[in-house]
Amino acid sequence: MEENALAFIPSKASALQKNSEFHAVVYESYKSKKTTRVPEIVPEEISPKKDRLFDIKRAKQEVIKFGTSGFDSQKKEEAKINLLIKLGAKPPKNKNQNYKLLLTEKKKKKEAELKLETFQQLGKNKFGKSNAKGKSFDRKRRKGKGDLLDIYGKVKHRPDNKVESSTMSTQKVAIVTGSNKGIGYAIVKGLCEKYKGLVYLTSRDEGRGKAAIEKLKKLGFNPLFHQLDILDQTSVDTFRDYIKETHGGIDILVNNAAIAFNVDAKETIGVQAEETIKVNYFGTLRVCQSLFPLLRNNARVVNISSSAGKLARIPSADLRAKLSRKDLTIPQLNELVEKFVRAAKEGKMQQDGWGSSTYVVSKVALTALTFIQQRQFDEEKPDRHVAVNAVHPGYVDTDMTNHKGPLTIEEGARAALFLALEAELRGQFVWEDCTVVDWYN
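Take 33 as the starting number for the sequence shown in this note's numbering and just add one per residue.
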């Protein structure tokens, strides 16, 4: 046994003298375990120029190897302690406290103190004040309050639950507008069930939004909430800045917020047209213009349209041709919907070929916007591979339909979730059964 164990000790007198303490500790550890196992990787010679940090790294390697050889757990912990103490680590306060306990949550503070003390000694005694490596350790120690350092002095863990800038770019984020009830609520619920990332439920009314959050938490989900009024530029910008600062980007955006007037609404058709376009088209456009710069590579945008959003619902062939132009721009589309609002206020909506429904025009415009947005992303350099699609969720039992729809909100969320999580589609109009339909004809 002794012959095998001594086989890895350097033969040169200078190396043996320089590292005798290190090898003696390793030898004692092997001897206490009554084994003839020799490490697979051992130093034939450790240069006198190598510092004690090398020994610490080597000791950690040896400890890891001990840990994989099936030794008695108590002796294994004792070996770890002995190695670290011999190499300058602070010993446990009593015999019963092993190194494993030092790594538990309750001992984080003591572990940090141990690491700081060890590397402070290395920085002063071995590297000196002007040594670059010593300075590097000092920067790592001061990287942040509450940092715990691993055996190499690197930041290992932060005790709080705040999102750190180092993880911002990797944490997935999904956002659903107007999601305190109805289809939007069901989409949030579905994302919480299937999506490996953070899910934001947003609503104009903070009280209703938080009530929806509590309802979902009772079901075992954990969505996040943020107030968002798509008609208020300040609210939209505040939300954008929060997402940018907290998460750095967005991976899924579902534009669900919308309104519809009842058939027997008392408001004039001009008022209905102005309000419906303001929310369903311009409100969504406002959110997109503010949040699109935050979309990450391979992000997905889902615009909740309607069967009313098919181009064929516009009676005028001339208007259909203008709305379906392949080179249609957003400013041009804005002019068309503003022209519609003026026609409605003047009582010429049907005469000018828009039809009789303000909701139809708003959803046709939203779907046309979807195709323009996809074209813009496709032309973007570098290409972020963003997918933008529109979806008809079906006739769903919601406040908007006066609860006349035969589908549940979960059924209404199905196609939107398909586009957000599964589909490899770009610039398409998708039906409630997740099939692509021809919007133009």
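Using N, Cα and C, we set each Cβ at its ideal position, and we do this for glycine too.
Which of the three DSSP states, helix, strand or coil, is assigned to F484? Absent from the structure is residue 484, since the part of the chain shown begins at 33 and ends at 473.
For V220, report the span of its alpha helix (DSSP H) as first-last. From DSSP, the alpha helix (DSSP H) with V220 extends over 214-226.
Can you find the residues in the same chain that come closer than 6 Å, C-beta to C-beta, to N409, ignoring five residues on each side of it along the sequence? Before going further, note that residue 409 is Phe rather than Asn in the sequence given. The residues are V418.
Provide the residue(s) that pair with V428 in DSSP beta bridges, ordered along the chain. Bridge partners of V428: L439.
Around the Cβ of V295, are there at least 16 other Cβ atoms within 10 angstroms (buried) or fewer (exposed)? Counting Cβ neighbours within 10 Å, V295 comes out exposed, since fewer than 16 surround it.
With 16 other Cβ atoms within 10 Å as the buried cut-off, status of N329: Burial state of N329 is exposed, judged by a 10 Å Cβ sphere holding fewer than 16 other Cβ atoms.
Using the C-alpha atoms, what's the distance from Y391 back to T300? Distance between the alpha carbons of T300 and Y391 is about 14 Å.
Straight-line Cα distance separating R374 from Q321: Q321 and R374 have their C-alpha atoms roughly 24 Å apart.
Any idea which residues DSSP pairs S258 with across the strands? Here residue 258 is His; the residue named in the question, Ser, does not match the sequence. Per DSSP, T234.
Measure the beta-carbon distance from K228 to L248 and round it to whole angstroms, keeping in mind my assumption that it falls under 8 Å. The Cβ separation is near 17 Å, so there is no contact.
Report the start-end ranges of each alpha helix (DSSP H) in the stretch 312-385 that is 4 residues or longer and not cut off at the edges. Counting whole runs of 4 or more residues, the stretch 312-385 contains the alpha helix (DSSP H) stretches 316-323, 349-355, 362-377.
For D415, name the three-state secondary structure that DSSP assigns. D415 falls in the coil class under three-state DSSP.
Please list the terminal residues of the continuous alpha helix (DSSP H) segment that includes D269. Annotation for D269: the continuous alpha helix (DSSP H) segment containing it runs 265-278.
Can the beta-carbon of V334 be found closer than 8 Å to that of V268? Contact flag unset, no.
Thinking C-beta only, is F461 closer than 8 Å to A397? In this structure, F461 does not lie closer than 8 Å to A397 by Cβ.
So, Q203 versus H279, is the Cβ gap smaller than 8 Å? In this structure, Q203 sits near H279, with a CB-CB distance shorter than 8 Å.
How is V295 classed by DSSP in three states: helix, strand or coil? If DSSP states are grouped into helix, strand and coil, V295 belongs with coil.
On the criterion of 16 or more Cβ atoms from any shown chain inside 10 Å, does K395 qualify as buried, or is it exposed? Answer is buried; the Cβ neighbour count reaches 16.
What's the C-alpha gap between H435 and V428? In a straight line, the C-alpha of H435 is about 7 Å away from that of V428.
Using 8 Å as the threshold, is the C-beta distance between L343 and K354 below it? No, Cβ-Cβ distance for L343 and K354 is not below 8 Å.
When burial is assigned at 16 or more other CB atoms within 10 Å of the CB, is S338 buried or exposed? Around the C-beta of S338, 16 or more other C-beta atoms lie within 10 Å, and the residue is accordingly described as buried.
Three-state class that DSSP yields for L285 in the structure shown: Residue state, collapsed to three classes: strand.
Could you spell out the range, first to last residue, of the beta strand (DSSP E) harbouring A206? Boundaries of the beta strand (DSSP E) around A206: 205-208.
Mind checking whether I262 and G216 have CB atoms under 8 Å apart? No, these two residues do not count as a Cβ contact at 8 Å.
Quick one: using the 10 Å Cβ neighbour count with 16 as the cut-off for buried, is S388 buried or exposed? Counting Cβ neighbours within 10 Å, S388 comes out exposed, since fewer than 16 surround it.
Given a cut-off of 8 Å on the beta-carbon distance, is the pair G281 and Q259 in contact? Cβ distance not < 8 Å, so G281 and Q259 don't count as in contact.
Go ahead and pull the three-state DSSP assignment for A452. A452 falls in the helix class under three-state DSSP.
CB A218 to CB L233, shorter than 8 Å? No. Outside cutoff.
Report yes if the C-beta distance between V205 and I309 is below 8 Å; otherwise report no. Between V205 and I309, the CB-CB gap reaches or exceeds 8 Å.
For a test of the three-state rule: what should DSSP assign to A422, helix, strand or coil? Strand, per DSSP.
Can you tell me the Cα-Cα spacing of Y472 and P363, whole angstroms? Roughly 21 Å between the two C-alpha positions.
Might you give, ordered along the chain, the residues of its own chain that have their beta carbon closer than 8 Å to the beta carbon of L251, omitting 5 neighbours on each side? Taken in chain order, the residues that qualify are K221.
Do L365 and I404 have their C-beta atoms closer together than 8 Å? Yes.
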